[in-house]
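To keep things clear, I will list the structure first and then write my remarks on it.
In the numbering used here, the protein residues as written are 8 to 317.
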């Protein structure tokens with residue numbers, strides 16, 4: 008998914024490491040730069056989202072820190088010193104790119120407010136309260152927003168992530184023609200192109216999205232072969248624009264969340280309660296079942312629900 012971005016970074020790394028070595032840094036320091044950058048490229052190769060120089064975010068750096076926790080040899084959280092070393096190495100690397108790439112990139116905002124906090128191993132999804140707030144608000148949102156196109160479009164994109172488990176990068180590419188009937192009359196099956204250009208099928212209940220689909224297709228700006236994620240000027244909606252749009256909905260709904268990926272996490276956490284882990288692995292498009300297994304750990308809310316039924 009991030010092959011082109013990684014290739015560009017590797018090209019910069021070659022010159023960057025030559026500079027570091029010419030600064031007479033210690034062998035340990037040079038090895039640390041090599042290790043932390045190589046692991047960053049490895050992380051990007053396995054990351055759920057598509058990244059470029061233009062939309063690199065602070066959150067992506069924190070996700071990398073979390074990735075380093077999961078692959079540590081001790082199988083435990085890496086030390087604060089290691090986290091700070093990683094951040095420092097990445098900051099210096101991207102500062103080098105900023106100074107030497109002919110395009111005018113600015114990575115200062117990505118790193119200026121980064122503060123290392125104790126990472127949460129559990130993928131964070133919406134709890135029951137915030138999930139209900141969001142879904143209930145979408146109905147009000149569609150009826151009362153002054154631009155019905157925006158409201159119905161955003162509602163459909165949100166539902167794809169939270170009820171079908173699509174990645175952000177997959178969601179913005181889905182077309183109306185991708186919704187197909189399947190052997191179960193109440194479901195749509197949607198073919199998406201995921202990580203590594205691998206095709207997989209996701210499913211969503213028709214009742215969840217038929218209203219949005221029918222309304223949007225009644226607009227002259229759409230047809231069966233249109234991509235859902237477009238602006239009012241018929242331009243493709245990028246990940247950053249979708250992030251901003253969904254955050255507006257979060258705030259209006261009173262949802263305590265900012266990340267788009269929380270919607271996919273919510274889908275996974277809800278589904279792991281009712282379907283086998285290998286089925287969820289296939290639906291999420293995980294190449295390694297260990298990635299899916301993180302959703303098997305019960306949350307405090309799940310434990311409380313179970314105990315309250317005793």
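For glycine and all other residues, C-beta sits at the position ideal for the given N, C-alpha and C.
Own chain, CB closer than 6 Å to residue i, minus 5 neighbours either side, in chain order
i, result
"residue 175", "56, 246 and 267"
"residue 196", "187, 189, 208 and 210"
"residue 13", "48 and 51"
"residue 103", "23"
"residue 18", "none"
"residue 114", "101 and 105"
"residue 145", "162"
8 Å CB neighbourhood of residue i in its chain, flanking five on each side removed
i, result
"residue 141", "133, 165, 169, 256, 257, 260 and 262"
"residue 318", "Lying outside 8 to 317, the shown extent of the chain, residue 318 is not represented and no answer is given."
"residue 120", "65"
"residue 230", "183 and 224"
"residue 70", "50 and 54"
"residue 265", "254 and 257"
8 Å contact criterion, which residue i and residue j should meet: CB distance rounded
i, j, result
"residue 107", "residue 52", "Going by Cβ atoms, the distance from residue 107 to residue 52 rounds to 24 Å, so no, they are not a contact pair."
"residue 27", "residue 68", "In fact, because the Cβ distance is near 20 Å, the residues do not count as touching under 8 Å."
"residue 43", "residue 96", "4 Å"
"residue 16", "residue 50", "The pair is not a contact, with the Cβ atoms about 11 Å apart (cut-off 8 Å)."
"residue 252", "residue 161", "5 Å"
"residue 249", "residue 179", "6 Å"
Member of the options whose CA lies at the smallest distance from the CA of residue i
i, options, result
"residue 92", "40, 63, 61 and 58", "40"
"residue 283", "265, 272 and 302", "302"
"residue 112", "94, 61, 95 and 275", "61"
"residue 156", "279, 43 and 223", "223"
"residue 100", "118, 84, 89 and 85", "118"
"residue 243", "201, 308, 177 and 221", "177"
"residue 46", "72, 296, 59 and 217", "72"
"residue 131", "293, 281 and 275", "275"
"residue 7", "241, 232 and 154", "Nothing in the structure corresponds to residue 7, since the chain is present only between 8 and 317."
"residue 308", "277, 121, 160 and 298", "277"
"residue 191", "172, 214, 173 and 202", "214"
"residue 311", "135, 59, 184 and 264", "135"
"residue 74", "58, 54 and 59", "54"
"residue 171", "199, 154 and 184", "199"
"residue 239", "154, 293, 280 and 11", "154"
"residue 201", "146, 298 and 293", "293"
"residue 298", "31, 33 and 279", "279"
Contact set for residue i: own chain, Cβ-Cβ below 7 Å, skip 5 residues either direction
i, result
"residue 270", "165, 168 and 169"
"residue 158", "148, 149 and 152"
"residue 77", "none"
"residue 64", "117"
"residue 98", "118"
"residue 296", "284, 285 and 288"
"residue 273", "132, 133, 138 and 169"
"residue 237", "243 and 244"
"residue 37", "27 and 28"
"residue 228", "241"
Beta-bridge partners of residue i, as assigned by DSSP
i, result
"residue 194", "212"
"residue 77", "In DSSP, residue 77 forms no bridge with anything."
"residue 200", "206"
"residue 188", "195"
"residue 237", "243"
"residue 182", "234"
- Message: Under 8 Å: do the segment 189 to 209 and the segment 287 to 304 share three or more Cβ pairs, one atom per stretch?
- Response: yes
- Just checking, does the segment 13 to 24 make contact with the segment 97 to 111 on the three C-beta pairs under 8 Å criterion? yes
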